[in-house]
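Notes to accompany the following structure.
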Amino acid sequence: MKIAAITVWSVDLPLKRPYSLSGGRLHFERLDSTIVRVDTDEGITGWGEGCPWGSTYLPAYARGIRSGIEELAPAVIGLDPRRTEVVYRAMDVALPGHPYLKSPIDMACWDISAKAAGLPLCDLLGGRTEGRVRLHSSIPSGTPAELMAEIDLAREEGYRFHSAKVGADVEADIERMRFLDSQMEPGEEVTFDVNRAWLPAEAIAALNATRDLHRVIEQPCETIEQHLQVRRHVGQPLAVDESLQSLGDMLRLVETGACEVIGLKVGRVGGLTVARKIRDVALQAGIRVNVEDTGGTALQASAVVHLAQATPEPFRRATWLCFDHLTENPIDGGVTNDNGWATAPTEPGIGAEPDEAALGTPVARYQ
Ligand code: MG
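Each residue of the sequence shown is one higher than the last, beginning at 1 in this note's numbering.
Listed below in structure tokens is the structure:
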């Protein structure tokens, strides 16, 4: 089997409500997603997607993905898409670095591999585990009352696990964290996600003032070095998200005892081929994993839920469905929010396919 053609669409995805994070310094109203279809000479077609959360959240931007695919396409056309490591190596040789823009092609190759095997994708990523995948909400920055209003909306959709975005001034954040902690109901959980807004001194002050809350604090500072400085002075369980960009980063996090939880965003680390290796290292190290992505439709979310579904408890922590935040979702099938839980589709492949009519005219085709 050989890759015969790659077709690329740009999809505008407005958010239902404006979204702020990192204490309000980053603001978002719509996402720009790139969807790819990889055709093979044997008639099996695979789908992939890459959708950064805007251009300010990470060193990644939507037009970069489409430019990157222009560089990568000649290197992968003619290769067997089921040989995912061979395809990945060809992409790394054609364009070193830039992991996020390799994820859509990599995802489509996994979709093809699973379809060719007649298996749901999770069965190629370690195998379907028992039980459903817990979902977490994503609560944008705001005043304590605004945060609670968003948590109440999430509760109405079944969410019992919340990722609340904090990260403004330290005194106000201490107040936010204490207030939200006091509002959690039995069985409900909240993580405080700082999205790298604090300096180490601020993080140390805020965390030592809320040490009694026993909540996970996510990505308090910008870099791994700053994170490790905080680690030496606080007792809370910590999560690393934005700073985990490669398998090498993961090995360093383990070696330094940096965290108890990782946010494993599949697109950011370069796709499923890399993400499953990071997942495996986390399992060995006893680190819990939020398997998720940076944005996108139910196509991207479904691919991610397959990796989560193949990650056993108690290492699997929670997953996020970006498309719950969108006004549009041009995808047939795939995962749904079942009262705060999701299950990986059972049909061969990812089990989610775009409605091509809804995608509009492709922006590029390589063959
Ligand atoms: Mg996060």
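Built from N, CA and C at the ideal position, the CB exists for glycine as well.
A quick note: this is a predicted structure, and the numbers were derived from the prediction, not measured.
If I follow the unbroken alpha helix (DSSP H) through Lys115, where does it start and stop?
103 to 117
Report buried or exposed for Ser182, applying the criterion of at least 16 other Cβ atoms within 10 angstroms of its Cβ.
Its Cβ having fewer than 16 others within 10 Å, Ser182 is exposed.
Backbone secondary structure at Lys277 - three-state DSSP
helix
Nearest neighbour of Pro354, chosen from Cys122, Trp47, Val8, Val38 [CA to CA]:
Trp47
Could you check what DSSP says for Phe179 in three-state terms: helix, strand or coil?
Residue state, collapsed to three classes: helix.
How far does the beta strand (DSSP E) with Val8 in it extend, from its first residue to its last?
3 to 21
How about Ala303: is its C-beta nearer than 8 Å to some C-beta of chain B?
No chain B is part of this structure, which consists of one protein chain only.
For Ala203, which residues from the same chain have a beta carbon less than 6 Å from its beta carbon, with the 5 sequence-adjacent residues on both sides left out?
Pro220, Cys221, Val230
Per DSSP, Tyr159 forms a beta bridge with which residues?
Beta-bridge pairing links Tyr159 to no other residue.
One question on the structure: do Ala310 and Gly131 come within less than 8 Å of each other, judged by their Cβ atoms?
no
From Leu228 to Trp198, what distance separates their C-alpha atoms?
13 Å
Which residues mark the beginning and the end of the beta strand (DSSP E) in which Ala318 is found?
316 to 318
Bounding residues of the alpha helix (DSSP H) (the contiguous stretch that carries Ala301)
298 to 309
Neighbour-count burial assignment, Arg316, 16 or more Cβ in a 10 Å radius
buried
Starting from Ala258 and walking both ways along the beta strand (DSSP E), at which residues does that stretch end?
First-last for Ala258: undefined, no H or E at that position.
Simplified DSSP state of Val234, which is helix, strand or coil
coil
Enumerate in chain order the residues of its own chain whose CB-to-CB distance from Arg288 is below 8 Å, with the five nearest sequence positions on each side excluded.
Glu260, Val261, Ile262, Ala282, Pro314, Phe315, Arg316, Arg317
What are the start and end residues of the alpha helix (DSSP H) that includes Pro345?
Run containing Pro345: none; DSSP gives neither H nor E here.
I'd like to know whether the C-beta atoms of Val8 and Thr34 end up nearer to each other than 8 Å.
yes
Excluding the 5 residues flanking Ser10 on each side, which residues of the same chain have their C-beta closer than 7 Å to its C-beta?
Residues of the same chain with a CB within less than 7 Å of the CB of Ser10, apart from the 5 flanking positions on each side, are Asp32, Thr34, Arg66, Val363 in chain order.
Given the structure, does Gly263 come close to the ligand MG, in the sense that its CB is under 7 Å from one of the ligand's heavy atoms?
yes
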